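Note sheet for the following structure.
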Amino acid sequence: RKEVEQDPGPFNVPEGATVAFNCTYSNSASQSFFWYRQDCRKEPKLLMSVYSSGNEDGRFTAQLNRASQYISLLIRDSKLSDSATYLCVVNRGKTSYDKVIFGPGTSLSVIP
Amino acid sequence: DTEVTQTPKHLVMGMTNKKSLKCEQHMGHRAMYWYKQKAKKPPELMFVYSYEKLSINESVPSRFSPECPNSSLLNLHLHALQPEDSALYLCASSQDLDRDRQETQYFGPGTRLLVL
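Read top to bottom, the protein sequences are chains A and B. The first sequence runs 2 to 113 under our numbering. The second sequence runs 19 to 134 under our numbering.
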């Protein structure tokens with residue numbers, strides 16, 4: 002079993018739709034969690050950190066459930082520009098000394 | 019300035035060549051990372067430097083040799099690579115100052131490497 006798993010995708014959704022991505026992690030010692038997006042042939046860019054209390058940034062909402070070892074990302078009112086691969090990132094610790102694991106990514110295509 | 023720069027953008031090399039990839043950041047970050055990314059796969063961590071010291075080496079073959087000349091620069095020296103080493107090589111940096119804070123990594127645009 003992979004240490005970080007994500008919905009296999011791809012997700013093809015119409016503009017304006019709400020889409021949810023799920024991510025699970027196996028190491029209960031994991032400390033910090035992030036969602037990154039990666040456009041085709043570009044580098045990953047931080048979308049948002051994920052906090053225990055849940056956090057929201059505009060149309061994006063991230064949730065963390067430590068008991069279930071589960072992270073989610075909700076995108077409301079999808080835009081064409083949201084088309085990208087979404088990577089769940091888990092860090093066993095809170096600094097660079099600890100291992101950073103990327104999930105396999107979930108591809109999103111928002112269709113006009 | 020939240021920019022991490024990498025050179026070159028593209029590199030084609032033969033299996034007997036020696037080349038180097040360069041990464042630079044001027045954000046005052048004290049942790050720097052090398053990742054390898056194959057097509058349609060997530061980035062895989064190779065090396066981590068913290069305060070200019072190698073802190074993580076993810077069992078990377080010795081044909082990849084990292085170097086951190088100072089806190090702003092990170093190099094990856096390549097020698098006797100194989101065609102399967104062809105990939106996007108990404109550099110990233112993070113602050114690495116406070117154990118109580120979540121560390122955001124900022125990525126450079128990457129170097130696309132092709133080994134013939």
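The C-beta atom is built at its ideal place from N, Cα and C for all residues, glycine as well. Nothing here was measured: the structure is a model prediction, and the numbers come from that model.
Could you have a look at residue i and say whether DSSP puts it in helix, strand or coil?
i: residue 132 of chain B; result: strand
i: residue 102 of chain B; result: helix
i: residue 83 of chain A; result: helix
i: residue 45 of chain B; result: coil
i: residue 18 of chain A; result: coil
i: residue 6 of chain A; result: strand
i: residue 57 of chain A; result: strand
i: residue 89 of chain B; result: coil
i: residue 63 of chain A; result: strand
i: residue 110 of chain B; result: strand
i: residue 62 of chain B; result: strand
i: residue 122 of chain B; result: coil
i: residue 70 of chain A; result: coil
i: residue 28 of chain A; result: coil
Since residue i contacts residue j with CB under 8 Å, what's their CB separation in whole angstroms?
i: residue 81 of chain B; j: residue 106 of chain B; result: Residue 81 of chain B to residue 106 of chain B, Cβ: 17 Å. No contact.
i: residue 93 of chain B; j: residue 40 of chain B; result: 6 Å
i: residue 99 of chain B; j: residue 31 of chain B; result: 7 Å
i: residue 31 of chain A; j: residue 93 of chain A; result: 5 Å
i: residue 76 of chain A; j: residue 91 of chain A; result: Rounded, the Cβ-Cβ distance is 20 Å, inconsistent with contact.
i: residue 49 of chain A; j: residue 58 of chain A; result: 5 Å
Going by DSSP, which residues form a beta bridge with residue i?
i: residue 96 of chain B; result: B:37, B:82
i: residue 121 of chain A; result: Residue 121 of chain A falls outside the range modelled here, since chain A spans only 2 to 113, and no answer is possible.
i: residue 52 of chain A; result: Per DSSP, none; premise fails for residue 52 of chain A.
i: residue 67 of chain B; result: B:50, B:72
i: residue 92 of chain A; result: A:33, A:101
i: residue 14 of chain B; result: Residue 14 of chain B cannot be examined here, being either before or after the span of chain B that is shown, 19 to 134.
Output yes if chain B places a C-beta closer than 8 Å to the C-beta of residue i; else output no.
i: residue 101 of chain A; result: yes
i: residue 106 of chain A; result: yes
For chain A, find out if any of its Cβ atoms is closer than 8 Å to the Cβ of residue i; answer yes or no.
i: residue 39 of chain B; result: no
i: residue 132 of chain B; result: no
i: residue 84 of chain B; result: no
Cβ closer than 7 Å: which chain A residues qualify as neighbours of residue i?
i: residue 29 of chain B; result: By Cβ distance, chain A contributes nothing, its closest Cβ being about 15 Å from residue 29 of chain B, past 7 Å.
i: residue 61 of chain B; result: 45, 103
Taking Cβ-Cβ distances shorter than 9 Å, what residues in chain B pair up with residue i?
i: residue 11 of chain A; result: Within chain B, no residue comes near residue 11 of chain A; the closest Cβ sits about 11 Å away, beyond 9 Å.
i: residue 88 of chain A; result: 60, 61
For residue i, which residues in chain A fall below 9 Å Cβ to Cβ?
i: residue 127 of chain B; result: 43, 44
i: residue 108 of chain B; result: 44, 45
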